[in-house]
């Protein structure tokens with residue numbers, strides 16, 4: 011017959027003075043009493059300590075030397091005690107960046123759910139979409155015919171100046187630095203004022219790419235002109251892969267150029283056009299115009315869009331380190347002062 015009670019006899023632990031007690035098994039038992047009456051001594055220092063000690067005795071002496079063992083409670087006899095698990099009342103220290111999800115340990119599950127099932131949206135209200143070379147080629151082909159276009163890929167970081175010379179050696183002949191169309195073999199010319207690009211970071215007025223004011227990562231890069239040119243800070247730098255004309259170039263050429271741009275741009279690509287482009291992206295329920303040709307996602311600044319839909323963007327342990335998940339009103343600290 012299975013035991014029905016835990017039998018305690020002659021327990022002398024802290025404030026407990028040789029008490030005898032029978033506690034029912036498989037039932038909820040509440041221990042009440044005034045401060046100093048021995049509640050914790052009974053629950054933690056007697057029941058939990060002895061339950062843990064008996065459980066650890068099942069391990070080898072070698073394994074037990076690496077485990078923390080509580081002091082054996084003083085008692086004449088303790089019978090029918092199962093393995094014990096203690097849940098303390100210790101306050102868990104939290105920082106200003108803690109959230110309800112991180113405190114309850116459900117954040118890892120939620121970030122995977124939102125990253126894989128959710129739909130990312132641009133601050134302008136449009137849907138953030140993913141592109142591949144074939145889809146990007148189809149989107150550009152829907153532009154008005156006769157537009158001059160340049161397929162390019164972005165460079166970022168302090169090494170942009172060095173990379174321009176590396177790509178020039180590899181056979182690339184043109185680059186876009188700020189609003190300047192640069193000949194990597196020599197001189198440079200001004201990018202036409204009416205030029206508009208199909209890219210996440212393009213302005214609504216069709217201007218050439220400038221680092222958004224709130225996007226600190228891009229604003230801090232250095233994009234230098236080749237030898238003889240002045241350094242240009244706070245702009246995006248692009249290497250031109252091919253120059254085409256909409257309506258006349260074949261889909262295969264568009265696709266090859268875009269594949270090259272995606273490969274060198276690590277999944278990012280921009281298409282500059284000589285006039286505004288109004289293309290309705292297929293599958294958009296809201297009919298929002300698509301202005302991007304990026305393998306990651308569309309309609310956001312490059313370093314933001316490429317991360318959309320990735321679980322680490324919603325990582326509760328590192329979100330404050332990234333500009334794309336920062337709330338500027340609280341300066342990433344979780345509180346407004």
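In this note's numbering, the protein residues as written are 11 to 347. Note that beta-carbon positions come from the ideal geometry of N, C-alpha and C, so glycine has one too.
Residue 164 counts as buried, since at least 16 other C-beta atoms from the protein chains shown sit within 10 angstroms of its C-beta. Secondary structure within the segment 86-125: the alpha helix (DSSP H) runs of 4 or more consecutive residues, fully enclosed, are 110-113 (chain order). Residue range 247-255 is occupied by the beta strand (DSSP E) that includes residue 255.
Between residue 185 and residue 174, the gap from beta carbon to beta carbon is short of 7 angstroms.
Residue 137 carries a strand assignment under DSSP once its states are collapsed to helix, strand and coil. Here residue 56 really is in contact with residue 23; their C-beta atoms are around 5 angstroms apart, less than 8 angstroms.
Residue 19: member of the beta strand (DSSP E) spanning 15-21, first to last residue. In chain order, 193, 194, 195 and 250 place their CB closer than 8 angstroms to the CB of residue 183, counting only its own chain and leaving out the 5 sequence neighbours on each side. Taking a 10 Å sphere around the C-beta of residue 15, we find fewer than 16 other C-beta atoms and assign the residue as exposed. With a cut-off of 8 angstroms on Cβ pairs, the segment 104-121 is not in contact with the segment 49-64, counting fewer than three such pairs. Only buried fits residue 160, as 16 or more other CB atoms lie within 10 angstroms of its CB. Separation of residue 152 and residue 264 (C-alpha to C-alpha, rounded to the nearest whole angstrom) is 12 angstroms. By alpha-carbon distance to residue 274, the top candidate from 40, 181, 260 and 21 is 181.
Annotation for residue 83: 21, 23, 55, 56, 59 and 60 place their beta carbon closer than 8 angstroms to its own, counting only its chain and skipping 5 residues before and after. For residue 186, the pairing in a beta bridge is given by DSSP as 191 and 248. When the beta-carbon positions are compared, residue 62 and residue 94 come within less than 7 angstroms of each other. At a Cβ-Cβ threshold of 7 angstroms, residue 146 and residue 254 do not count as neighbours. Cβ neighbours of residue 43 within its own chain (closer than 6 angstroms, five residues either side excluded): 49. Residue 177 sits buried, since 16 or more C-beta atoms from the chains shown fall within 10 Å of its C-beta. Of the residues 143, 261, 247 and 33, the one whose Cα lies closest to the Cα of residue 170 is 247. Distance from the CA of residue 119 to the CA of residue 127, rounded to the nearest whole angstrom, comes to 12 angstroms.
In this model, residue 271 and residue 279 are separated by some 6 angstroms (Cα to Cα).
Along the length of the segment 138-171, whole alpha helix (DSSP H) runs at least 4 residues long occupy 143-151, reported in chain order. Our two residues, residue 91 and residue 37, have alpha carbons roughly 14 angstroms apart in a direct line.
The DSSP-derived three-state label of residue 54 is helix.
Assignment of beta-bridge partners to residue 31 by DSSP yields 18.
Shown here, residue 131 sits in a strand according to DSSP, grouped into three states.
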